[in-house]
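Mapping the sequence shown onto numbering that gives the first Met the number 0, position 45 (from 1) lands on 44, and the numbers just tick up by one.
All C-beta atoms, glycine included, are put in the ideal place defined by N, C-alpha and C.
One structure is given here, and the rest of the page talks about it.
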Amino acid sequence: MLTRPPSPLLLLALSGVLAACTDTHPPPPALGNETEPNNSAAAANALSIGTPLSGKVAEQPRDVDFYKFSAAAGERLKLTVRSLSVDPQSTLDPYVQVLLPDGFTVLEKDDDSGAGLESELRFNVTQPGTYFVTVTSFRLHDDERAGDDRTTNTYQVALVRR
Ligand SMILES: [Ca+2]
Ligand SMILES: [Ca+2]
């Protein structure tokens, strides 16, 4: 049985298909990271609705990470802080709060309403303004004398409309 080499036109077409595949599927962009120091409302990092950020509860005995976002009246939002489900090495049991624009009054808080020990909460915005999110570990929240400084205390914080 005779076999013919593939025609140059077929090879050209195949290479075009391969190029199209690699060109149309770039790797997902790396997530932005928190920027320390961010341990107060005044030093909060900006968190955009729909754009997750990566952070760590680490590098100091009692780390807390503040984020801020602007919201309009009537927005219905969901906040998640994921640890193990996005990083199998994570040791963090997250604890999250949403603060009113005054920077200290707690609007909502959650320990483990997400997957496993992860945090998830839903809230509605009634007053437009700049709101704050704090992320820390449950260990630090639960015991004001505890320390929890592990480089593996990784998390991903995300705010989405629902
Ligand atoms: Ca941090
Ligand atoms: Ca911090």
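If I'm right that residue i touches residue j with Cβ under 8 Å, what's the distance once you round it to whole angstroms?
i: V124; j: E74; result: 4 Å
i: E33; j: N44; result: 5 Å
Taking just the CA atoms, how far does residue j sit from residue i?
i: S180; j: I48; result: There is simply no residue 180 to check, as the chain begins at 0 and stops at 161 in what is shown.
i: D110; j: V132; result: 13 Å
i: P60; j: T135; result: 11 Å
i: R161; j: L30; result: 21 Å
Taking the DSSP output, what are the residues bridged to residue i?
i: N32; result: S53
i: S118; result: V80
i: S69; result: T129
i: Y93; result: What sits at residue 93 in the sequence shown is Pro, not Tyr. P93 is bridged to S136.
Among the options, which has the Cα closest to the Cα of residue i?
i: H140; options: Q126, L11 and D92; result: D92
i: A166; options: K77, Y130, Q88 and F137; result: The structure shown has nothing for residue 166, since the chain only spans 0 to 161.
i: L106; options: R3, V95 and S112; result: V95
i: D101; options: P127, L78 and G54; result: P127
Could you tell me whether the segment 73 to 83 touches the segment 137 to 148, using the rule of 3 or more Cβ pairs below 8 Å? Taking a cut-off of 8 Å for Cβ pairs, the segment 73 to 83 and the segment 137 to 148 do not touch, as fewer than three such pairs fall below it.
Segment contact, 8 Å Cβ cut-off, at least three pairs: the segment 44 to 64 with the segment 111 to 127: Segments in contact, no.
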